[in-house]
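S.K.: Per this note's numbering, residue 118 is the first one in the sequence shown, and the count goes up by one each step. Cβ coordinates follow ideal geometry from the N, Cα and C atoms, glycine included. Please read through the structure below; I'll follow up with questions.
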Amino acid sequence: MNIPKHKNFLYKNVFIVVLLITLIISIYWQVTDHDFINLDDVAYITDNDLVKQGITAQGIVEAFTTIQACNWHPLTWISHMLDWELFGMNPGMHHLVNVIFHTLNALLLFFIMQQMTGALWKSTAVAALFAVHPLHVESVAWIAERKDVLSTFFWMLTMAGYVRYVRHKSVKVYFLMVLCYIFGLLSKSMLVTLPFALLLLDFWPLKRWRVLQEESTLKKITGNSVLSKAQRTGLTRPVIEKIPLFLLALISCGITLYAQRGAMRSLDLTLITRISNAINSYVIYLGKTIWPFDLTVFYPFYTIHPLWTVLCATILCLISFSVLAVVKRFPYLAVGWFWYLGTLIPVIGIVQIGGQSMADRYTYIPLIGIFIMIVWGLTDMIERWRLRKTTLWMSFAVVLILLSVRTYDQIGLWKNSESLCKHALEINPDNYVAHCDLAISLKKKGDIAGAIMHYKEVLRLNPASCVAHNNLGTLLSRIGKTDEGVQHFLAALKVNPHLADTYYNLGIVFYQSGNSGKAIEYFQKAIQENPDHSGAIQGINLSLKNLHEIKNDNF
Numbered sequence: 118m119n120i121p122k123h124k125n126f127l128y129k130n131v132f133i134v135v136l137l138i139t140l141i142i143s144i145y146w147q148v149t150d151h152d153f154i155n156l157d158d159v160a161y162i163t164d165n166d167l168v169k170q171g172i173t174a175q176g177i178v179e180a181f182t183t184i185q186a187c188n189w190h191p192l193t194w195i196s197h198m199l200d201w202e203l204f205g206m207n208p209g210m211h212h213l214v215n216v217i218f219h220t221l222n223a224l225l226l227f228f229i230m231q232q233m234t235g236a237l238w239k240s241t242a243v244a245a246l247f248a249v250h251p252l253h254v255e256s257v258a259w260i261a262e263r264k265d266v267l268s269t270f271f272w273m274l275t276m277a278g279y280v281r282y283v284r285h286k287s288v289k290v291y292f293l294m295v296l297c298y299i300f301g302l303l304s305k306s307m308l309v310t311l312p313f314a315l316l317l318l319d320f321w322p323l324k325r326w327r328v329l330q331e332e333s334t335l336k337k338i339t340g341n342s343v344l345s346k347a348q349r350t351g352l353t354r355p356v357i358e359k360i361p362l363f364l365l366a367l368i369s370c371g372i373t374l375y376a377q378r379g380a381m382r383s384l385d386l387t388l389i390t391r392i393s394n395a396i397n398s399y400v401i402y403l404g405k406t407i408w409p410f411d412l413t414v415f416y417p418f419y420t421i422h423p424l425w426t427v428l429c430a431t432i433l434c435l436i437s438f439s440v441l442a443v444v445k446r447f448p449y450l451a452v453g454w455f456w457y458l459g460t461l462i463p464v465i466g467i468v469q470i471g472g473q474s475m476a477d478r479y480t481y482i483p484l485i486g487i488f489i490m491i492v493w494g495l496t497d498m499i500e501r502w503r504l505r506k507t508t509l510w511m512s513f514a515v516v517l518i519l520l521s522v523r524t525y526d527q528i529g530l531w532k533n534s535e536s537l538c539k540h541a542l543e544i545n546p547d548n549y550v551a552h553c554d555l556a557i558s559l560k561k562k563g564d565i566a567g568a569i570m571h572y573k574e575v576l577r578l579n580p581a582s583c584v585a586h587n588n589l590g591t592l593l594s595r596i597g598k599t600d601e602g603v604q605h606f607l608a609a610l611k612v613n614p615h616l617a618d619t620y621y622n623l624g625i626v627f628y629q630s631g632n633s634g635k636a637i638e639y640f641q642k643a644i645q646e647n648p649d650h651s652g653a654i655q656g657i658n659l660s661l662k663n664l665h666e667i668k669n670d671n672f
C-alpha cells in the first residue's frame, strides 16, 4: 500500500519526536532522585525568601524590582517561585521541570532546523546531539541553571517566529517574535547575541543575503555592480528589521552590568589575562565537545603559558579563515563557526563575572553551531566520496550511544553536593570551590573535623574567601577554639566589611563568653548591614537582658 507523501512526512516527524523524547527521558530521568546542591541552589531556592513565598503579587513585583543573587532575571525567579508553590522542598520535581524545558528545546531546535533547511534527518542529528551531549548536563541537572533552559526555550521560540516572519512578513508574527525575545532576556541576559545569530541565519540557510553573493559573482564576470535599488533595499532590510532587537539587547546589557557589579572581577584580572583565558577557553570547549571527559562544576583560573595562547589563537584564526575561504560552497561552515564564536562572547570572560575561568553551561546554545558544522559537513563529505549513507548514519548512531552513556554517567555526579565535589577534586585537587562546598556538606553530616580540613584548604588556595573564613570561624568557635575563630571572622570582615552574618557570629561569640557589651556592638553592626537580621535583633535583646541582670546582681 502506498502511503501519501504528507502522511509519510507526518509519520517521520512523529517518530523523530518520540525518539528525541525517549532519548532525553531515559538519560535524564535519574535527576528526579537528585538533591539540591550547596552551590547556588541554596541562594536561588532553599534559602531564598522571595522564591519560598511562592507565587504572590508582591513576589512578582519584587522579582522585577529587586536584584537577587547578583542577577536580574525576573522570569527565572517567577519560574522558581511557581515550582516552590507546586512542589515545595521536593528537589526531584524542580529537576524534572529543567528536563522538560531541555526536551522542549531539543524538539524546537529540530522543527526550526527542518523548517529552515528542509533536511529532515540532518535536523534530527543536530537536535539529537544537542539533546545528549555531556557538556549540556550542567545546564539541565543543576536546578539553579533554570535560567539556561528557560531562556533557551524563548531563544528557540524567537527563532521559530523569525523564520515564520521571513516567510510571511506578518506584523503580528514580528510582534510575537519580539515578545518572545523580551521573555528570553527576562530569563537570562545571554540572549543579547540572538540578533547577531539571526543575521547569520539570514546568510544560511534562509539565504536572505543571496543578493550580495549575486553582486559578487556579477562583478567578477562584468566588472560592474548591476544591483537595482530594490535589490539594495533587500540587502539592508535584514539589518533594519532587527534594530528593535538590538536596542533590547543593549538595554539588557546595561541592566546586567549593573546587577552583577558585585560579582564582576574584571578589575582583579589584567586585560591580557582575560583575553588569554578567552582564547584558550574557545579551544578547550572545542576539545571537550569532541572528548567530553574531566567535566567539572567549577574551573579555577590557572597560569597559561604564552605559547599555548599563541597556539590556540592560531587554531581559531586558521578555522575562521578556512570557513570564509569556502563560504560560497559550504556556507553552513561559516554560519556554524561564527554562531559558536559569537554566542559565547557574553560569557567568554572579557568582562569577567565570578571566579571561574570557564563553565560547561556556557556552551548550551553555542554548541548548536558546531553541531551544524559537523552534521552538514560530514554529510557533504560522504556524498563527495560517494560512500553509502548507511555508513554515516550507523557511525552517527554509535557516537550517539557513546555520548548518551557518557552523559548518563555525568548526570549521576550531580546527585548531591558531596558526589559532585569529590569528583571535582579528583580532577583538580586545587579546586577551592569544590573544597568549600564539600566542607558545607560534611558540616551538615556532622563531620566537623573534615569540614575544618576542607575550609583550611580553601584558604590555602584562596586566602580572600569570606565564606571560608566565616564558616571556619563558626566551626572553630563551636569546638572551643574561640580566639582562632574570632581571627577568621575578623579576616572575613577585612576582605568585605559588609558581612552581616559575620558581625552576628562575632556577637554570638562575645555573648557566649559573657562580654555582652562587645556582643551588642557587633549585633548592631549586623543590623546596620541588614536591618531585617532577626538573629541580631534577638541577640541585642538577650545581651541587654544579660547586662540588666548583671547590674541588678551588683546591687
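Does the distance from the C-beta atom of Lys359 to that of Ser304 stay below 7 Å?
M.R.: Here the question's residue 359 lines up with position 242 in the sequence shown. Here the question's residue 304 lines up with position 187 in the sequence shown. Not closer than 7 Å, so no.
S.K.: Find out if the Cβ-Cβ distance for the pair Ala653, Tyr628 is shorter than 7 Å.
M.R.: As a first step, residue 653 is located in the sequence shown; it is residue number 536 there, counting from the start. As a first step, residue 628 is located in the sequence shown; it is residue number 511 there, counting from the start. Result no, Cβ atoms of Ala653 and Tyr628 do not sit closer than 7 Å.
S.K.: Inspect the beta-carbon positions of Val243 and Val516 and report whether they are closer than 7 Å.
M.R.: Counted from its first residue, the sequence shown places residue 243 at position 126. Counted from its first residue, the sequence shown places residue 516 at position 399. The answer is no: Cβ separation not under 7 Å.
S.K.: I'd like the list of long-range same chain contacts for Val283, defined as Cβ closer than 6 Å, with 5 residues on each side in sequence excluded.
M.R.: Taking the first residue of the sequence shown as 1, we reach residue 283 at position 166. If we look at Val283 and ignore the five residues flanking it on each side, its Cβ neighbours are Leu323.
S.K.: Using DSSP with H/G/I as helix, E/B as strand and the rest coil, what is Met118?
M.R.: Taking the sequence shown and counting its residues from 1, the one referred to as residue 118 is at position 1. For Met118, the predicted structure reports a pLDDT of 44, less than 50, and the residue's modelled location is therefore unreliable. A value from the coordinates is still provided. If DSSP states are grouped into helix, strand and coil, Met118 belongs with coil.
S.K.: Quick check on this structure: which residue in Arg354, Ile462, Leu450 has the alpha carbon closest to the alpha carbon of Tyr399?
M.R.: Position 282 of the sequence shown, counted from the first residue, corresponds to residue 399. That would be Ile462, whose Cα lies nearest to the Cα of Tyr399.
S.K.: Return helix, strand or coil for Ile654, following the three-state DSSP convention.
M.R.: Within the sequence shown, residue 654 is the residue found at index 537, counting from 1. Residue state, collapsed to three classes: helix.
S.K.: With DSSP collapsed to three states, give me the class of Pro417.
M.R.: As a working mapping, residue 417 is identified with position 300 in the sequence shown. Three-state result, Pro417: strand.
S.K.: Do the CB positions of Thr460 and Thr310 come within less than 7 Å of each other?
M.R.: Walking along the sequence shown from the start, residue 460 turns up at place 343. Walking along the sequence shown from the start, residue 310 turns up at place 193. Cβ atoms of Thr460 and Thr310: closer than 7 Å.
S.K.: If you run the structure through DSSP and keep just helix, strand and coil, what is Gln377?
M.R.: Here the question's residue 377 lines up with position 260 in the sequence shown. Coil.
S.K.: Count the other CB atoms within 10 Å of the CB of Tyr419; is the residue buried (16 or more) or exposed (fewer)?
M.R.: Here residue 419 refers to the residue found at position 302 when the sequence shown is read from its first residue. Tyr419 comes out exposed.
S.K.: Give me whichever residues DSSP pairs with Asn188 in a beta bridge.
M.R.: In the sequence shown, the residue the question calls residue 188 occupies position 71. Asn188 pairs with Gln185.
S.K.: Please go through the same chain and pick out, in chain order, the residues whose beta-carbon is closer than 6 Å to the beta-carbon of Ser383, but skip the five residues on each side of it.
M.R.: Translated into positions along the sequence shown, residue 383 becomes position 266. Note that Ser383 scores 48 on pLDDT, short of 50, meaning its location in the model is unreliable; the coordinates nonetheless yield the value given after this. Answer for Ser383: Val468, Gln469, listed in chain order.
S.K.: I believe Asp547 touches Pro417 by the beta-carbon criterion, under 8 Å. Please report the beta-carbon distance rounded to the nearest angstrom.
M.R.: Taking the first residue of the sequence shown as position 1, residue 547 is located at position 430. Taking the first residue of the sequence shown as position 1, residue 417 is located at position 300. So it is a contact: roughly 7 Å between Cβ atoms.
S.K.: Strictly by DSSP, which residues pair up with Met276?
M.R.: If you number the sequence shown from 1, residue 276 lands on position 159. Met276 is not bridged to any residue.
S.K.: Do Ala314 and Trp456 count as a contact pair if the criterion is CB distance below 7 Å?
M.R.: Counting from 1 along the sequence shown, the entry for residue 456 is found at position 339. Counting from 1 along the sequence shown, the entry for residue 314 is found at position 197. In this structure, Ala314 lies closer than 7 Å to Trp456 by Cβ.
S.K.: Considering Trp454, what are the terminal residues of the alpha helix (DSSP H) in which it resides?
M.R.: Here residue 454 refers to the residue found at position 337 of the sequence shown. Unbroken alpha helix (DSSP H) run through Trp454: 448-460.
S.K.: Can you tell which of Glu646, Glu666, Val288, Ile299 has its C-alpha closest to the C-alpha of Thr275?
M.R.: Walking along the sequence shown from the start, residue 275 turns up at place 158. Closest option to Thr275, Cα to Cα, is Ile299.
S.K.: So what's Met206 in DSSP terms, helix, strand or just coil?
M.R.: On the sequence shown, position 89 is the one that residue 206 refers to. Met206: coil per DSSP, three-state reduction.
S.K.: Could you tell me if Thr406 is buried or exposed, where buried requires 16 or more neighbouring beta carbons within 10 angstroms of its beta carbon?
M.R.: Taking the first residue of the sequence shown as 1, we reach residue 406 at position 289. Burial call: buried.
S.K.: Check whether the Cβ atoms of Glu202 and Gly171 sit closer than 7 Å, and answer yes or no.
M.R.: Here residue 202 corresponds to residue number 85 of the sequence shown, with the count starting at 1. Here residue 171 corresponds to residue number 54 of the sequence shown, with the count starting at 1. Contact: yes.
S.K.: Skipping 5 residues on each side, what residues in its chain have a beta carbon closer than 6 Å to that of Leu156?
M.R.: Here residue 156 is taken as the residue at index 39 of the sequence shown, counted from 1. Closer than 6 Å at Cβ, skipping near neighbours: Asp554.
S.K.: Which word fits Lys129, buried or exposed, when buried means at least 16 other C-beta atoms lie within 10 angstroms of its C-beta?
M.R.: As a working note, residue 129 is residue 12 in the sequence shown. By the 10 Å Cβ count, Lys129 comes out exposed.
S.K.: Would you say Ser306 and Thr373 are within 7 Å of each other, going by their C-beta atoms?
M.R.: Taking the sequence shown and counting its residues from 1, the one referred to as residue 306 is at position 189. Taking the sequence shown and counting its residues from 1, the one referred to as residue 373 is at position 256. Their beta carbons are under 7 Å apart, which means Ser306 touches Thr373 by this criterion.
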